[in-house]
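The sequence shown stops at residue 945 when you use the numbering used here, and every number in between is there.
By construction, the Cβ of each residue, glycine as well, lies at the ideal position given by its N, Cα and C atoms.
Input: a single structure, listed below in structure tokens.
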Amino acid sequence: MEKSTSKSLLDMVFSWSFQDIFNKNLYKDEVKCIPEEFVSATDYRNAFKMPLIEETHASLCSGMESVSQAPACEISRIVSSKCYGYNSIESDYKISIKKITDFRSNGGHYEPEVGDLIVLSNTKPRRVEDLNKPGKPFVVAFVAAAENGSGEARILLSKEIHSQLLPSPDKRVRVFGTYLINMVTNMRIWKALNPDPNHAHLMFLRPNPSTGDQDCNVCVSDRKLLFSTVDSSIQKTIDSFNLNESQKTAVLSSLMMRNCSHQKDGIKLIWGPAGTGKTKTVASLLFSLLKLKCRTLTCAPTNIAVLQVAKRLMGLLLQSLEYDTYGLGDVILFGNGERMKVDDHDQISNVFLDYRAEALMKCLSPTSGWEHTLDSMISLLENPEKQYQVYLQQNRPIPSLLSWALSWFVSKVSSTGGEVTDKKDDLLTFEEFLSKNFKPLGERLAILTKILYTHVPTSFITLDVLKNMIRLLDLLKSLEDVHETIDHALKLTMKNTELLQILKSLLEKFVLPMPSSYSDNIQGIKDFCLMNTCLIFCTASSAAKMQYMGGKPVEMLVIDEAAQLKECESLIPLQVSGLRNTILIGDDKQLPAMVQSKVAESAEFGRSLFERLAILGQKKHLLEVQYRMHPSISLFPNKKFYGKQLIDAPNVKETSYSKFFLQGKMYGTYSFINVSKGKENFDKGHSPRNLMEAAVVNEIVAKLFKEYCISKRKLSVGVISPYKGQVGLIQEKIGSEEDVIIISSVRSNGNGSVGFLSNHQRTNTALTRARYCLWVVGNGTTLTRSMSVWKDLVNDAKHRRCFYNADEDKDLVRAMTAAVAEDDADHVAEPSIKFRDKGHSSSIMV
């Protein structure tokens, strides 16, 4: 093991032959189960290394297997990086990308990104075997550097490049780069497992038996003491959020960690089951930490999850701002803008790092930035006559002989019918000059002023400076049309006005916190923002950019959806310098992190830090009130997964929450619809599917759509299946929390085999998505014989008289009969679900 893990992860990948990549058992004997407790930091790190290598190996194997469907680009040039003066290694090359369409979609262009692993070959492979043909060389390359839109990238090659892989100008040799996988996150995990000794930080090898399994006993000895550790103004803020008791306690006890002097390097688990207001609680906590100026890093497993919590925080923040957008500079979000779908017109763009850096760069321009514009406006207003005289001198007619020659030329042209205007006739009057110069300067100054107080952290802008900036905007707005609103006398005495006084005050009291050298250095501006902001949002993987960042240390780490984050990935943000306390928010009873390798999955590679600490007895603070599900839907998961600890909120118990979208008891708020005659088979991807269940689901959705067309009552519908084959049969679209959820369990056999359908976390996730109606479609006999959680679910439905046979509905009978005929004809067609409307949506989720 030590020999395998002594190399870098990229070295390991480059060492694999074509046969190694497809050897499913390459590391089977080297991967050991990750324990729940560890004796040392070295023991801890080593436990994750081989599973990480195996997971990377499985991902690459999968990428190779699907290479025919992968995006690709044509490479027009490959040159050694040494030709460009880089102090590079032998395998370091620079490539140029030809602008062609995406091979996969015939509409886009694939441009390699940093961390991409690509395969270079003379043809775009139609199947993986094309890469292993004699006389057809290929080489795997790692994209080490790339700039979006530049069409160029630096790559590292796994082996010496073959001459046939060097493209020629005459196109006799063409080279293609095909995407395999992206290694950024795995390489960051590898680095976290092999840290710089000066930055190694492992707090949670095991819970501290004296304090680690609970809040500090001293600080929470009574309720009054808990409140006394939190500033009274913050208490009022928290009260305004309308939190329930469990949410409020979660926020207060988390804030208490910051002031607690009895235990350091603390960790808190906040357990947020579906619909319990987890995101609201996190946003309330973050807003309070912002008010306390506590530098906090907030992470989540994905860009979308980070965006969700950032948007919720922004909703609270925008309502509280006293001076326009002043204060947004204390919050920053960074990550992949395309995946986050950040829109320039969306409020979240005001805290998005890329947008912020571009905006601030405008303020630093030496020719049109803040300081230059301020100076220009002061000069114009302080001595407008002098500025006008300079203008006249620069634009007066040419004197003496040249003037005479010009006049002669003008007379000649005029006599021949030409048209030339004497330059002196084009000169502006004093009033026109003042108006023409004041207006653009004022407009630019207004834009730059707002950029500054919006995007610069509040620590650099005092309240006095801010008030002057706000007043400046008001004055500029009132003087917008200077030509019409200010008479000649007033213009001549402008130097005595309030506007000029404010401009001079700003020039004297406010200095741009970023050096002018940043005017052409976008990365320098980004670094400044990250170093000085208070609340930072990013994915756990992207937190690697924060590890060696200067500025005020990060005090608090908050990880949302922590139970969906592999423990080794959580090490990336955990190693941020200065970190004192960590709060993990999630639900270990729902889906864990995705793991590609079955070997790594069996070794508990997908287990989160949240789950491991919970297993070891770390106390979880439960958010106990659920606001999403009708009580008939929450009943089973509450009993089976949460020990009856959840409480249905008043809103879900109201009569109006009982909605009936279709006629018949089968379509009440909760039901199990038994499809006993279904038959499971497998698609090309070896994923089970059930044509009869798909037909039943299709018919139910069609009935809902028909009802909608009549009533025009809006609702959203989600169809869940744990198998890709079944999802493909219905409709390939992802959904989450919906009004109506239909679950297709697929499995239908005589021995009760249900595969990973028996996974408690997967089942719980599916059962807790619906708001008003949950209809489970499946073979009751198969599921009962499975001796899994599904047996309990079927028996529960029977006990509650929510169990129905599909053949009780004549429309479902007709659909199942058609499905049998279709199956007998050995022809499987896509179900014809057409369920899209402005106010009505259908969605499928796995």
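Check	Outcome
Inter-residue Cα distance where the pair is V227 and M111	21 Å
Inter-stretch contact at 8 Å, needing at least 3 Cβ pairs: the region 897-905 / the region 392-407	no
7 Å CB neighbourhood of A946 in its chain, flanking five on each side removed	No answer is possible for residue 946: it lies beyond the span of the chain, which begins at 100 and ends at 945.
heavy atom of the ligand GTP below 7 Å from D142 C-beta	No copy of the ligand GTP occurs in the structure displayed, which carries no ligand at all.
G371 burial status per 10 Å Cβ neighbour count (16 or more: buried)	buried
Nearest-angstrom Cα separation, counted from T638 out to K106	27 Å
Check whether K197 and E173 have beta carbons under 8 Å apart	yes
Contact between the region 810-819 and the region 835-844 (3+ Cβ pairs under 8 Å)	yes
Same chain, Cβ closer than 7 Å to P266, neighbours up to 5 away in sequence not counted	I174, S175, R176, I177, V272, R273 and V274
Local Cβ density within 10 Å of N449, reported as buried at 16 or more and exposed below that	buried
Span of the alpha helix (DSSP H) around I671	E666 to L673
Inter-stretch contact (C-beta, 8 Å, three-pair minimum) for the region 478-490 and the region 527-541	yes
Environment of R615 [buried if 16+ CB atoms lie within 10 Å]	The question names Arg, but residue 615 in the sequence shown is Ser. Exposed: under 16 other Cβ atoms inside 10 Å.
Separation of K549 from K392, as counted between CA atoms	22 Å
Extent of the continuous alpha helix (DSSP H) to which H720 belongs	Run containing H720: none in the alpha helix (DSSP H); it sits in the beta strand (DSSP E), K719 to L721.
Where G276 falls, given that 16 or more other Cβ within 10 Å makes a residue buried	buried
Distance between beta carbons of G162 and N680, contact taken as under 8 Å	Rounded, the Cβ-Cβ distance is 39 Å, inconsistent with contact.
Reduced DSSP secondary structure (H/G/I, E/B, other) of S220	strand
Endpoints, the beta strand (DSSP E) within which E173 is located	A171 to S179
From I217, F117, A243 and Y552, residue whose alpha carbon lies closest to that of E421	Y552
Short Cβ contact (8 Å threshold) for L415 with L279	no
Rounded C-alpha distance that separates D686 from K651	32 Å
Opening and closing residue of the alpha helix (DSSP H) in which K127 lies	Unbroken run through K127: none, as it is neither H nor E.
Whole runs of the beta strand (DSSP E) within the region 851-889, excluding any shorter than 3 residues	869-877
Sequence-distant residues of its chain with Cβ nearer than 7 Å to K719 (five each side left out)	L368, W370 and A713
Residues near S770 in its chain [Cβ-Cβ closer than 6 Å; skip 5 each side]	W874, C901 and Y903
Every unbroken beta strand (DSSP E) inside the region 391-448 [3 residues or more]	395-399 and 430-432
Reduced DSSP secondary structure (H/G/I, E/B, other) of P787	strand
Assigned exposure category for V796 - 16 Cβ within 10 Å defines buried	buried
Contact belief for D191 with L230 at Cβ below 8 Å, rounded distance in angstroms	The pair is not a contact, with the Cβ atoms about 23 Å apart (cut-off 8 Å).
Start-to-end residues for the beta strand (DSSP E) that takes in I772	Y769 to N773
Best match in V213, L611 and G777 for proximity to A243 [C-alpha to C-alpha]	V213
Member of N341, S339 and I333 whose CA lies at the smallest distance from the CA of L351	I333
Identified DSSP bridge partners for S195	R176 and E251
Close Cβ partners of G649 (< 6 Å) along its chain, the five nearest in sequence each way excluded	M630
Close Cβ partners of E703 (< 7 Å) along its chain, the five nearest in sequence each way excluded	C132 and I133
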